[in-house]
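Chains as they are written, first to last, in the UniProt record's numbering: chain A, 1 to 305; chain B, 1 to 237; chain C, 1 to 312.
Heads up, the beta-carbon is just placed ideally off N, CA and C, and yes, glycines get one too.
Values in this document were obtained by computation on a predicted structure and should not be read as measured data.
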Amino acid sequence: MKLKRLLAVAAIGALALGGSAACGKSKLDEKAKDDAKNAGAYTIVKNPKFAAGSTMEKLYKAKHIKIGVKFDQPGIGYKNPTSGKIEGFDVEVGKYVAGQLGLDYNNQKQVEFVETVSKNRETFLENGTVDLVIASYSITPERKQLVGFAGPYYETGQDLLIRKADKDKIKSPQDLAGKKVCSVTGSTPLANIEKNYPKAKPVALAQYSDCVTQLQNSTVDVLTTDGAILLGYAASDPEHLMVVGKPFSTEKYGIGMAKDRNDLRGFVNDKLDAAFKDGHWKKAYDLTLGKSGSDAPNPPTLDRY
Amino acid sequence: MALAESGNLAVGGVQYLWQEHNAFLDGLLGTVKLSLIAGILSTILGLIVAAMRVSPIPALRIAGTAWSGFFRNTPLTLVFLGTSVVLPIVGIRFAWADAIGLDTFFIFAVIALSTYTSCFVADAIRSGFNSVPVGQAEAARAVGMTFGQTLRLVVLPQALRTVLPPLASMYIAMIKNSAIAEFFNVGELTKFFDDSVRDHPEHLYAEFIAVALGYIVLTLLVSAAFNLAERKLAVTR
Amino acid sequence: MTSVLYDNPGPKTRRRIRFWTAVSVVALAAIVGFAIWQVARKGQISADMWTPFADSGLWNQLFSALFSTIKAALLSIVLALVLGAVLAAGRLSNRGWLRWPAFVVIEFFRAVPLLLLILFGLFTWGQPLAFIGEAIGASPPDAFAALVVGLTLYNGSVLAEVFRAGINAVPRGQSEAAYALGMRKTAVMRMILAPQAIRMMLPAIVAQCVVALKDSALGFIVGYQELLSFGKRIYQGAAEIWQLSQPPVVTTLVVIGAIYIAINLVLSWFAGWLERRMSRSTKLAGKPLTAAQTGDEVAAADAVPAGVEPPN
Numbered sequence: 001m002k003l004k005r006l007l008a009v010a011a012i013g014a015l016a017l018g019g020s021a022a023c024g025k026s027k028l029d030e031k032a033k034d035d036a037k038n039a040g041a042y043t044i045v046k047n048p049k050f051a052a053g054s055t056m057e058k059l060y061k062a063k064h065i066k067i068g069v070k071f072d073q074p075g076i077g078y079k080n081p082t083s084g085k086i087e088g089f090d091v092e093v094g095k096y097v098a099g100q101l102g103l104d105y106n107n108q109k110q111v112e113f114v115e116t117v118s119k120n121r122e123t124f125l126e127n128g129t130v131d132l133v134i135a136s137y138s139i140t141p142e143r144k145q146l147v148g149f150a151g152p153y154y155e156t157g158q159d160l161l162i163r164k165a166d167k168d169k170i171k172s173p174q175d176l177a178g179k180k181v182c183s184v185t186g187s188t189p190l191a192n193i194e195k196n197y198p199k200a201k202p203v204a205l206a207q208y209s210d211c212v213t214q215l216q217n218s219t220v221d222v223l224t225t226d227g228a229i230l231l232g233y234a235a236s237d238p239e240h241l242m243v244v245g246k247p248f249s250t251e252k253y254g255i256g257m258a259k260d261r262n263d264l265r266g267f268v269n270d271k272l273d274a275a276f277k278d279g280h281w282k283k284a285y286d287l288t289l290g291k292s293g294s295d296a297p298n299p300p301t302l303d304r305y
Numbered sequence: 001m002a003l004a005e006s007g008n009l010a011v012g013g014v015q016y017l018w019q020e021h022n023a024f025l026d027g028l029l030g031t032v033k034l035s036l037i038a039g040i041l042s043t044i045l046g047l048i049v050a051a052m053r054v055s056p057i058p059a060l061r062i063a064g065t066a067w068s069g070f071f072r073n074t075p076l077t078l079v080f081l082g083t084s085v086v087l088p089i090v091g092i093r094f095a096w097a098d099a100i101g102l103d104t105f106f107i108f109a110v111i112a113l114s115t116y117t118s119c120f121v122a123d124a125i126r127s128g129f130n131s132v133p134v135g136q137a138e139a140a141r142a143v144g145m146t147f148g149q150t151l152r153l154v155v156l157p158q159a160l161r162t163v164l165p166p167l168a169s170m171y172i173a174m175i176k177n178s179a180i181a182e183f184f185n186v187g188e189l190t191k192f193f194d195d196s197v198r199d200h201p202e203h204l205y206a207e208f209i210a211v212a213l214g215y216i217v218l219t220l221l222v223s224a225a226f227n228l229a230e231r232k233l234a235v236t237r
Numbered sequence: 001m002t003s004v005l006y007d008n009p010g011p012k013t014r015r016r017i018r019f020w021t022a023v024s025v026v027a028l029a030a031i032v033g034f035a036i037w038q039v040a041r042k043g044q045i046s047a048d049m050w051t052p053f054a055d056s057g058l059w060n061q062l063f064s065a066l067f068s069t070i071k072a073a074l075l076s077i078v079l080a081l082v083l084g085a086v087l088a089a090g091r092l093s094n095r096g097w098l099r100w101p102a103f104v105v106i107e108f109f110r111a112v113p114l115l116l117l118i119l120f121g122l123f124t125w126g127q128p129l130a131f132i133g134e135a136i137g138a139s140p141p142d143a144f145a146a147l148v149v150g151l152t153l154y155n156g157s158v159l160a161e162v163f164r165a166g167i168n169a170v171p172r173g174q175s176e177a178a179y180a181l182g183m184r185k186t187a188v189m190r191m192i193l194a195p196q197a198i199r200m201m202l203p204a205i206v207a208q209c210v211v212a213l214k215d216s217a218l219g220f221i222v223g224y225q226e227l228l229s230f231g232k233r234i235y236q237g238a239a240e241i242w243q244l245s246q247p248p249v250v251t252t253l254v255v256i257g258a259i260y261i262a263i264n265l266v267l268s269w270f271a272g273w274l275e276r277r278m279s280r281s282t283k284l285a286g287k288p289l290t291a292a293q294t295g296d297e298v299a300a301a302d303a304v305p306a307g308v309e310p311p312n
């Protein structure tokens, strides 16, 4: 009894200590300022004209849009663990689209970024939890049955992230037999591996970041998903991790929305097309994915249907 | 019209479950396997911790109390997370288990579940011992019984009877807690639910009811077994 | 010190105990030392692994994450008290058509894993009730709603049984006397049984808060941004921000775990204090109810107030 009371007091003391030791310069706060300086600035269209009754008008009038992004993919969609800022290529695209809708992306009440994980993207769109999903969301015929896609706004391919120590052992997907291949539950890459490389041992975790942790820990051997995502992770731990660099599929990232919002789909496609041409797209790329040193590729061709 | 539609959906749900009965049974088996192994291990560990907590050696008592205090106040999800990320860092990866068809993550889940449950098992056992009036043992010692005799003839028969109901509750709680393994890539009932809802959200209710029934059956089996044991013990009193 | 298992030690036994104490201290120190050495060997508890926790920005975020955890736990325990009272009233009713549904509801929600309920909630009531999460500023709001409703249904069912046990623990003579005075059932319940039962149940209710707080970590699995998911974000992102050689997994989990343990110890201690205070009180009709007596699995498992150590 006495011991427990002591423990409790000690624990509270430790907490308080942690709090007081935390004074002084905060590296996080500095980084947040840096990030704010570097974040892209996009036009916020003033008094945009939309057809009466259109989805765009509704969003503009409501002064509110909810955009589903990933929170755990550096370079794509990432919530900074400490500053709380949400950053990445998908987020920049989201800001751009929101600006075109006349919404102020610096105002969290107007433009809200919500975390989506691979397995709940469709549900979120069907339920209306979010208006748009910009979350490394590959356009596939099956998904087109469930949701509407604008774009693609980015093209990549499924690749492998491995430990540098294994670089002689795993050179292509042919070497996956008997290896533990990690990806997220409900994602295309995992289904692809299960179907085409049945000798690999699939491991399904909730988030890519969990796979990265397990890859660093050697409990899995490979993390597979789109090259763009893997590049970001490799850049976060260049000493131990590397991308194999032989994409074996084509993934086209699209902007997902509720299936019946065809007007919004057309609008977003028009605006993406403009961004491809006027340099906004390249700017978003350079700020995020381009940080790892790769030059901006050519923008993809829109798939209007 | 609406009635007919929901009727169709119900029929569809049953058909879907019938079609997927293998995956369901796999999930059920996964839950049974996980609970059974974790149940045995947590009982062994719980007995050790309980023995430490009732021992005359203060250092062991403190260690047992710390063990219980730690797991009693830590969320199981944190224990799961800790097991799956910290053990590999210190080099414990159970690579050998692959050879006998056991998944590393399954073993992590077993470890998390059994260490967590062990503290509740220990507490149940300890309170069982404490429920036996001291006078009983004193009387036994006074008539010259040895420690073994006192334990076997006087203390254990009474302690066991008080221990059984909370132990049963503990194992039932553990079966339910094993659902958390779903998140750590362990195939079991809740993972079956999660996976099938993602692929077939239209059968949500059928899937939920089936999985819930799976758990209810398992927990009912455990309570039935313990009721039987209690009745048996009541006779030998 | 006498216990059921052994008598007061004599001089010889005391010597033996001293010997084994020494042995066990060495053995325990060896085990703990080995574990710490294993972790230290990987550089997981070296000084730079603690640097994130010397950053005020991180603590600001950490406290808001902790607040999210407390929000979910507190809201659901309050709602669970209401639900528990309703269910207990149904369960104690004389009318079969109230008693049976209450029984089925209580038993169902106690038999089904909480995580399954929460996952199911994500697909059903999560969205319609997301406005609650939004009003409270929880992110994402539907995961919050799924979590809170799941916690409420489960804890409500457990508390219903606590309430029932509390009412039943009031000595029969009390209600018999009240009936003899001509009170009706509702009046007996409201004026005689409930006031006394509630006092007896307080420790068990506080102890149930510990369960709710621990279970709120399940929100982590459905993506609710609470303390545990914040912890994961720290160790997954910190290496880059603070330029560490590896993710500070162990230090982060130690800090997060310490916070949970500290809060729960305070709650348990409070429950134990309430109980001790009440067992001294002369106004109480019966003995205070520890959760262990209510016969529920998790209440019995989780909620025996840590302060209540049976005399050794």
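Notebook entry, point to check: CB-CB under 6 angstroms to residue 218 of chain B, same chain, minus the five flanking residues each way: which ones, in chain order?
Noted result: Here residue 218 of chain B refers to the residue found at position 218 when the second sequence is read from its first residue. Answer for residue 218 of chain B: 175, listed in chain order.
Next item on the list: Check the Cβ-Cβ distances between residue 93 of chain B and every residue of chain C, and say whether any is below 8 angstroms.
Entry: Mapped onto the second sequence, residue 93 of chain B falls at position 93. With 8 angstroms as the cut-off, residue 93 of chain B does not count as an interface residue toward chain C.
Checklist line | Opposing strand residues paired with residue 170 of chain B [DSSP bridges] | finding: Within the second sequence, numbered from 1, the residue matching residue 170 of chain B stands at position 170. Answer is none; residue 170 of chain B lacks a bridge partner.
Next item on the list: Count the other CB atoms, across all protein chains shown, that sit within 10 Å of the CB of residue 172 of chain A; report buried if there are 16 or more and exposed otherwise.
Entry: The count along the first sequence starts at 1 and reaches residue 172 of chain A at position 172. So residue 172 of chain A counts as exposed.
Next item on the list: Look up residue 211 of chain A in the DSSP assignment and give the residues it is bridged to.
Entry: The residue you call residue 211 of chain A lines up with position 211 of the first sequence. None, per the DSSP bridge assignment.
Margin query: If you measure between the beta carbons of residue 211 of chain C and residue 155 of chain C, is that distance less than 8 angstroms?
Written below: The residue you call residue 211 of chain C lines up with position 211 of the third sequence. The residue you call residue 155 of chain C lines up with position 155 of the third sequence. Yes, the pair counts as a contact, with Cβ atoms nearer than the cut-off.
Note to self: Less than 8 angstroms between CB atoms is the rule here; does residue 84 of chain A satisfy it with respect to chain C?
What the structure shows: Position 84 of the first sequence, counted from the start, is the residue given in the question as residue 84 of chain A. Yes - at least one Cβ of chain C is within 8 angstroms of the one on residue 84 of chain A.
Checklist line | Residue-chain proximity (residue 161 of chain A, chain B), Cβ-Cβ < 8 angstroms | finding: Working through the first sequence from its first residue, we reach residue 161 of chain A at position 161. No, residue 161 of chain A lies away from the interface with chain B (no Cβ there is under 8 angstroms from its Cβ).
Next item on the list: For residue 78 of chain C, count neighbouring Cβ atoms within 10 angstroms of its own Cβ and tell me buried if that reaches 16, exposed if not.
Entry: Position 78 of the third sequence, counted from the first residue, corresponds to residue 78 of chain C. By the neighbour-count rule (16 or more Cβ atoms within 10 Å), residue 78 of chain C is not buried but exposed.
Note to self: Between which residues of its own chain and residue 292 of chain B is the CB-CB distance below 6 angstroms, once the five residues before and five after are set aside?
What the structure shows: Residue 292 of chain B lies beyond the stretch modelled for chain B, which goes from 1 to 237, so this question has no answer here.
Checklist line | CA-to-CA distance, residue 101 of chain A to residue 289 of chain A, given in whole angstroms | finding: Residue 289 of chain A sits at position 289 when you count from the first residue of the first sequence. Residue 101 of chain A sits at position 101 when you count from the first residue of the first sequence. Those two C-alpha atoms are separated by around 25 angstroms.
Notebook entry, point to check: Closest Cβ-Cβ distance between residue 240 of chain C and chain A: below 8 angstroms?
Noted result: As a working note, residue 240 of chain C is residue 240 in the third sequence. Answer yes: the Cβ-Cβ gap between residue 240 of chain C and chain A drops below 8 angstroms somewhere.
Check: By Cβ distance, which residues of its chain are closer than 6 angstroms to residue 14 of chain C, with the 5 residues on each side in sequence left out?
Finding: For the purposes of this step, residue 14 of chain C is taken as the residue at position 14 of the third sequence. Cβ within range, chain order: n/a, list empty.
Item checked: Closest residue to residue 58 of chain B among C:64, C:28, C:76 and C:60 (Cα-Cα distance) -> Start at 1 with the first residue of the second sequence, and residue 58 of chain B comes out as number 58. Among C:64, C:28, C:76 and C:60, the Cα nearest to that of residue 58 of chain B belongs to C:28.
Checklist line | Proximity below 8 angstroms, CB of residue 45 of chain A to CB of residue 99 of chain A | finding: Within the first sequence, the letter at position 45 stands for residue 45 of chain A. Within the first sequence, the letter at position 99 stands for residue 99 of chain A. Yes, Cβ-Cβ distance for residue 45 of chain A and residue 99 of chain A is below 8 angstroms.
Item checked: Selection from A:280, A:176, A:232 and A:211 that minimises the alpha carbon distance to residue 196 of chain A -> For the purposes of this step, residue 196 of chain A is taken as residue 196 along the first sequence, with counting starting at 1. Ranking the options by Cα distance to residue 196 of chain A, first place goes to A:176.
Notebook entry, point to check: Can you name the start and end residues of the alpha helix (DSSP H) that residue 66 of chain A belongs to?
Noted result: Looking up residue 66 of chain A in the first sequence gives position 66. Per DSSP, residue 66 of chain A belongs to no alpha helix (DSSP H); it is in the beta strand (DSSP E), 65-69.
Checklist line | Same chain, Cβ closer than 6 angstroms to residue 41 of chain B, five either side skipped, listed in chain order | finding: Translated into positions along the second sequence, residue 41 of chain B becomes position 41. Contacts found: 114.
Item checked: Sequence-distant residues of the same chain with beta carbon closer than 7 angstroms to residue 256 of chain C, five excluded per side -> As a first step, residue 256 of chain C must be located in the third sequence, where it is residue number 256. Result list for residue 256 of chain C: 227, 228 and 231, in chain order.
Checklist line | Segment limits, alpha helix (DSSP H) that includes residue 183 of chain A | finding: Position 183 of the first sequence holds residue 183 of chain A. Unbroken run through residue 183 of chain A is the beta strand (DSSP E), 180-184; no alpha helix (DSSP H).
Notebook entry, point to check: Considering only the beta carbon of each residue, do residue 134 of chain A and residue 228 of chain A sit closer than 8 angstroms?
Noted result: Along the first sequence, one-based indexing puts residue 134 of chain A at 134. Along the first sequence, one-based indexing puts residue 228 of chain A at 228. No. Outside cutoff.
Next item on the list: Tell me whether the beta-carbon of residue 159 of chain C lies closer than 8 angstroms to the beta-carbon of residue 80 of chain C.
Entry: Counting from one through the third sequence, the residue named residue 159 of chain C turns up at place 159. Counting from one through the third sequence, the residue named residue 80 of chain C turns up at place 80. Contact: yes.
Next item on the list: Please determine, among C:121, C:64, C:10 and C:46, the residue with the shortest C-alpha to C-alpha distance to residue 218 of chain C.
Entry: Position 218 of the third sequence, counted from the start, is the residue given in the question as residue 218 of chain C. Checking every option, the nearest Cα to that of residue 218 of chain C belongs to C:121.
Notebook entry, point to check: Between the segment 69-95 of chain B and chain C, which residues of the former have a C-beta closer than 8 angstroms to a C-beta of the latter?
Noted result: 69, 70, 72, 73, 74, 75, 76, 77, 78, 81, 82, 85, 86, 89, 90 and 91
Notebook entry, point to check: Whose Cβ in chain A lies nearer than 8 angstroms to the Cβ of residue 236 of chain C?
Noted result: Within the third sequence, numbered from 1, the residue matching residue 236 of chain C stands at position 236. What residue 236 of chain C touches in chain A: 72, 81, 209, 212 and 213.
Check: Which whole-angstrom value is the C-beta distance of residue 141 of chain C and residue 134 of chain C, which I expect to be below 8 angstroms?
Finding: For the purposes of this step, residue 141 of chain C is identified with residue 141 of the third sequence, where counting begins at 1. For the purposes of this step, residue 134 of chain C is identified with residue 134 of the third sequence, where counting begins at 1. Right, the Cβ-Cβ distance comes to about 4 angstroms (below 8 angstroms), so this counts as a contact.
Item checked: Environment of residue 104 of chain C [buried if 16+ CB atoms lie within 10 Å] -> Mapped onto the third sequence, residue 104 of chain C falls at position 104. Exposed, because fewer than 16 other Cβ atoms sit within 10 Å of the Cβ of residue 104 of chain C.
Checklist line | Bridge partner(s) assigned by DSSP for residue 16 of chain B | finding: If you number the second sequence from 1, residue 16 of chain B lands on position 16. Its beta-bridge partners do not exist; DSSP assigns none.
Notebook entry, point to check: Could one say the Cβ of residue 182 of chain B lies closer than 8 angstroms to chain C's Cβ atoms, at least one of them?
Noted result: Here residue 182 of chain B corresponds to residue number 182 of the second sequence, with the count starting at 1. Answer yes: the Cβ-Cβ gap between residue 182 of chain B and chain C drops below 8 angstroms somewhere.
Notebook entry, point to check: For the segment 121-134 of chain B against the segment 161-178 of chain B, are there 3 or more C-beta pairs whose distance is under 8 angstroms?
Noted result: yes
Check: Buried or exposed: where does residue 280 of chain A fall if 16 or more other Cβ atoms within 10 Å of its Cβ makes it buried?
Finding: Taking the first residue of the first sequence as 1, we reach residue 280 of chain A at position 280. Flag for residue 280 of chain A reads buried.
Checklist line | Buried versus exposed call for residue 24 of chain A [16 or more other C-beta atoms within 10 Å across all chains shown] | finding: Here residue 24 of chain A is taken as the residue at index 24 of the first sequence, counted from 1. At residue 24 of chain A, the pLDDT of 47 sits below 50, so the modelled position is not reliable and the matter cannot be decided from this model.
Next item on the list: May I ask you to report which of helix, strand or coil DSSP gives residue 246 of chain C?
Entry: Residue 246 of chain C sits at position 246 when you count from the first residue of the third sequence. Residue 246 of chain C falls in the coil class under three-state DSSP.
Next item on the list: Tell me whether residue 6 of chain B is buried or exposed, calling it buried when 16 or more other Cβ atoms sit within 10 Å of its Cβ.
Entry: The residue given as residue 6 of chain B occupies position 6 in the second sequence. By the neighbour-count rule (16 or more Cβ atoms within 10 Å), residue 6 of chain B is not buried but exposed.
Margin query: Could you tell me which whole alpha helix (DSSP H) segments of length 4 or greater appear in the segment 227-264 of chain A?
Written below: 227-236
Notebook entry, point to check: Nearest chain C C-beta to residue 114 of chain A closer than 8 angstroms, yes or no?
Noted result: In the first sequence, residue 114 of chain A corresponds to position 114, counting from 1. True, the Cβ-Cβ gap to chain C drops below 8 angstroms.
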